[in-house]
Amino acid sequence: MACSISRVEYFRTTMKDRPGEAYKFLSQLAMLRINLLAFSATPVSATETRVTIFPENPKFMKNEAARAGLYLEGPYPALLVQCDDRLGALADIHLRIFEADVNVEACGGVIDGRGAFGYVIHVKKEDFEKAAEALGI
Numbered sequence: 007m008a009c010s011i012s013r014v015e016y017f018r019t020t021m022k023d024r025p026g027e028a029y030k031f032l033s034q035l036a037m038l039r040i041n042l043l044a045f046s047a048t049p050v051s052a053t054e055t056r057v058t059i060f061p062e063n064p065k066f067m068k069n070e071a072a073r074a075g076l077y078l079e080g081p082y083p084a085l086l087v088q089c090d091d092r093l094g095a096l097a098d099i100h101l102r103i104f105e106a107d108v109n110v111e112a113c114g115g116v117i118d119g120r121g122a123f124g125y126v127i128h129v130k131k132e133d134f135e136k137a138a139e140a141l142g143i
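Just so you know, we're using this note's numbering here: the sequence shown kicks off at 7 and counts up by one.
Here it is in structure tokens:
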């Protein structure tokens, strides 16, 4: 795999920042048969955490989550990058976005330990098409 970049959608929710809350939420998604491409959680206050989920099938997730009574904001667009790991790979991706005059609002990634990485890029909704075009999708 050289590099695969795709459009994805994500949803957000805020939950209490207590032990076990992420487990409960993720277990509920698993029981609903919602497969995730990515997940992140970030504290937003002393008592709350913002959870961001990237479902494999956003329409299915939205329907199932609504039926289960889960409140989710979204969907919002993002870019999912899956590439072979090499020195400078992230810099090259950001250069292309910079050259398109797009600001990256947030991003995060991880290597897989076998020579590849996954990376999620958030840009403003109004800049999404410009960023996608800069990355060749």
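Every residue, glycine too, gets a C-beta built ideally from N, C-alpha and C.
Check	Outcome
From the DSSP output, in three-state form, read off serine 51 for me.	coil
In the DSSP assignment, what residue or residues form a beta bridge with serine 46?	Thr58
Could you say which of Lys30, Val126, Glu132, Gly121 lies nearest to leucine 93 if we only look at CA atoms?	Gly121
As an exercise, report each continuous beta strand (DSSP E) stretch of at least 3 residues that is fully enclosed by the segment 63-99, in chain order.	79-90
Taking 8 Å as the cut-off, does the segment 62-77 touch the segment 15-34 (at least 3 CB pairs, one atom from each stretch)?	yes
Kindly indicate the opening and closing residues of the alpha helix (DSSP H) around alanine 137.	134-140
Rounded to a whole number of angstroms, what is the C-alpha to C-alpha distance between proline 81 and glycine 124?	20 Å
Between valine 116 and the rest of its own chain, which residues show a CB-CB distance below 7 Å, the 5 nearest in sequence each way excluded?	Phe123, Gly124
Indicate the three-state DSSP secondary structure (helix, strand or coil) for isoleucine 143 in the structure shown.	coil
Is proline 61 buried or exposed, if buried means 16 or more other CB atoms sit within 10 Å of its CB?	buried
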